[in-house]
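Novice: The following block contains the structure, expressed as structure tokens.
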Amino acid sequence: VIEPLKDLYKDEVRELGEELGLPHDFVWRHPFPGPGLGVRILCAEKVAFSPSDNAPVSLVPDENNKRVKTLPINSVGVQGDGRTYRLAQAMFSDERTPNEFAYRTAVSAVNSLVNINRMVFCTSHSEATKLKFTSGYITPERAELLREADAIADEEMKNAGLYEEIWQFPVVLLPFGENEGGQSIVLRPIDSKDAMSASAVVLPPDVLKKMTNRILDIEGIDMVFIDLTNKPPGTIEWE
């Protein structure tokens, strides 16, 4: 981008694109990270948390609780004056679609739990299962899993006429599942103007369920979550 265009925010770039007469689909394509989907493939050699470690303050301290689960992976957040690498927690319910209470809980949780910077909601399981972590890096196999899931999310949003209703929709691959070697997907639809702050988007239940079911059909994907965290304290991307 040539100066002074380099100083424009994304909303200003879109406004300029419209004035220049660029194709509508080109102008309104969701922002995409420079490193590509690689930045959305989380990698780790070991779990970020286990019951024997110093456990974070939890919404529900009972380790056998089936409705709240601390995930074995760190995510990046923005809290105070800098970035944080802290744990994410997941909520589960019989409905498998988050309601207003779930979103309110997510806001209060990340504001009060000192070792948590992100709350997600499981759309594939009604109860927490034993999560099996698999150390992983960016590989062609993992990249292909994410490409398939990302394409499904993109297609379902367009089919529902919602693609331009949100600002961005990252899809993230996590190195754990309910089976050995299994992986999980996090859906991260957000609304924003300039990416300095962002709000988690509530998807219609029918769209979310269809998206989840299609992603679960991908061999190697065990679980699906939707991120309920605003920015701050969670960043738009997970890494």
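Residue numbering for the sequence shown follows our numbering, beginning at 4 and increasing consecutively. For glycine and all other residues, C-beta sits at the position ideal for the given N, C-alpha and C.
What does the alpha-carbon distance come out to for the pair K212 and T126?
Specialist: The residue labelled residue 212 in the question sits at position 209 within the sequence shown. The residue labelled residue 126 in the question sits at position 123 within the sequence shown. Near 7 Å, if we compare the C-alpha coordinates of T126 and K212.
Novice: Taking the alpha helix (DSSP H) that F104 falls in, what are its first and last residues?
Specialist: By 1-based counting over the sequence shown, the position of residue 104 is 101. Counting along the chain, the alpha helix (DSSP H) containing F104 begins and ends at 103 to 115.
Novice: Does the Cβ-Cβ distance between P75 and F136 come in under 7 Å?
Specialist: Taking the first residue of the sequence shown as 1, we reach residue 75 at position 72. Taking the first residue of the sequence shown as 1, we reach residue 136 at position 133. Closer than 7 Å, so yes.
Novice: If we require 3 or more residues per run, which beta strand (DSSP E) segments fall completely within the segment 155 to 200?
Specialist: Within the segment 155 to 200, the complete beta strand (DSSP E) runs of at least 3 residues are 174 to 177, 186 to 190.
Novice: Give every residue of the same chain whose Cβ lies closer than 8 Å to the Cβ of R150, excluding the five residues on either side of it in the sequence, and list them in chain order.
Specialist: Walking along the sequence shown from the start, residue 150 turns up at place 147. Once the five neighbours on either side are set aside, the close Cβ partners of R150 are L40.
Novice: Which runs of the beta strand (DSSP E), 3 residues or longer, sit entirely within the segment 203 to 241?
Specialist: As far as the segment 203 to 241 is concerned, its whole beta strand (DSSP E) runs of at least 3 residues are 224 to 230.
Novice: Measuring straight from C-alpha to C-alpha, what distance separates P178 and I221?
Specialist: Residue 178 sits at position 175 when you count from the first residue of the sequence shown. Residue 221 sits at position 218 when you count from the first residue of the sequence shown. Distance between the alpha carbons of P178 and I221 is about 15 Å.
Novice: Taking 7 Å as the threshold (C-beta atoms), are V174 and D153 in contact?
Specialist: Here the question's residue 153 lines up with position 150 in the sequence shown. Here the question's residue 174 lines up with position 171 in the sequence shown. Yes, these two residues count as a Cβ contact at 7 Å.
Novice: Give me the DSSP bridge partner(s) of V79.
Specialist: Within the sequence shown, residue 79 is the residue found at index 76, counting from 1. Looking at the DSSP assignment, V79 forms a beta bridge with Y88.
Novice: With a threshold of 8 Å, are at least 3 pairs of Cβ atoms found where one atom belongs to the segment 16 to 23 and the other to the segment 102 to 122?
Specialist: No, the segment 16 to 23 is not in contact with the segment 102 to 122.
Novice: Between the segment 204 to 219 and the segment 128 to 143, can you find at least three pairs of beta-carbon atoms closer than 8 Å?
Specialist: Verdict: no, contact absent.
Novice: With H, G and I counted as helix, E and B as strand and the rest as coil, what does DSSP make of L74?
Specialist: Taking the first residue of the sequence shown as position 1, residue 74 is located at position 71. Correct three-state label for L74: strand.
Novice: Which partner residues of C125 appear in the DSSP bridge assignment?
Specialist: Position 122 of the sequence shown, counting from 1, holds the residue named residue 125. According to DSSP, which records beta bridges pairwise, C125 is partnered with F228.
Novice: In the structure shown, what three-state DSSP assignment does G20 receive?
Specialist: Locating residue 20 in the sequence shown gives position 17, counting from the first residue. The answer is helix: DSSP assigns G20 an H, G or I state.
Novice: Please state if the CB of N102 and the CB of V113 are separated by a distance shorter than 7 Å.
Specialist: Looking up residue 113 in the sequence shown gives position 110. Looking up residue 102 in the sequence shown gives position 99. Not closer than 7 Å, so no.
Novice: By DSSP, does G139 sit in helix, in strand, or in coil?
Specialist: Start at 1 with the first residue of the sequence shown, and residue 139 comes out as number 136. In the structure shown, G139 sits in a strand (DSSP, three-state: E or B).
Novice: So, with DSSP's three-state summary, where would you put Y131?
Specialist: Within the sequence shown, the letter at position 128 stands for residue 131. At residue 131 the sequence reads Ala, which differs from the Tyr that was named. It is coil, neither helix nor strand.
Novice: Going by CA-CA distance only, name the one from T238, V205, V227 that's closest to F104.
Specialist: Counted from its first residue, the sequence shown places residue 104 at position 101. The shortest C-alpha separation from F104 is found at V205.
Novice: Rounded to whole angstroms, what's the CA-CA distance from K196 to D10? Just pull it up for me.
Specialist: For this step, residue 196 is matched to residue 193 along the sequence shown. For this step, residue 10 is matched to residue 7 along the sequence shown. C-alpha separation (whole angstroms): 15 Å.
Novice: How many Å lie between L231 and S115 at the Cα?
Specialist: Position 228 of the sequence shown holds residue 231. Position 112 of the sequence shown holds residue 115. Answer to the nearest angstrom: the Cα atoms are 15 Å apart.
Novice: Go to H27, then tell me how far its alpha helix (DSSP H) extends in each direction, as first and last residue.
Specialist: In the sequence shown, residue 27 corresponds to position 24, counting from 1. Element bounds for H27: 27 to 30.
Novice: Closest to L45 by CA distance: which of Q82, V71, E183, Y88 is it?
Specialist: Position 42 of the sequence shown, counted from the start, is the residue given in the question as residue 45. Out of Q82, V71, E183, Y88, Y88 has the C-alpha closest to the C-alpha of L45.
Novice: Is it the case that the Cβ atoms of G80 and T238 are separated by a distance below 7 Å?
Specialist: By 1-based counting over the sequence shown, the position of residue 80 is 77. By 1-based counting over the sequence shown, the position of residue 238 is 235. Contact: yes.
Novice: If you reduce the DSSP assignment to three classes, tell me which class A51 lands in.
Specialist: The residue labelled residue 51 in the question sits at position 48 within the sequence shown. In the structure shown, A51 sits in coil (DSSP, three-state: anything other than H, G, I, E or B).
Novice: Let's test the definition: count the other Cβ atoms within 10 Å of the Cβ of W31 and tell me whether it reaches 16, buried, or not, exposed.
Specialist: In the sequence shown, the residue the question calls residue 31 occupies position 28. Label assigned to W31: exposed.
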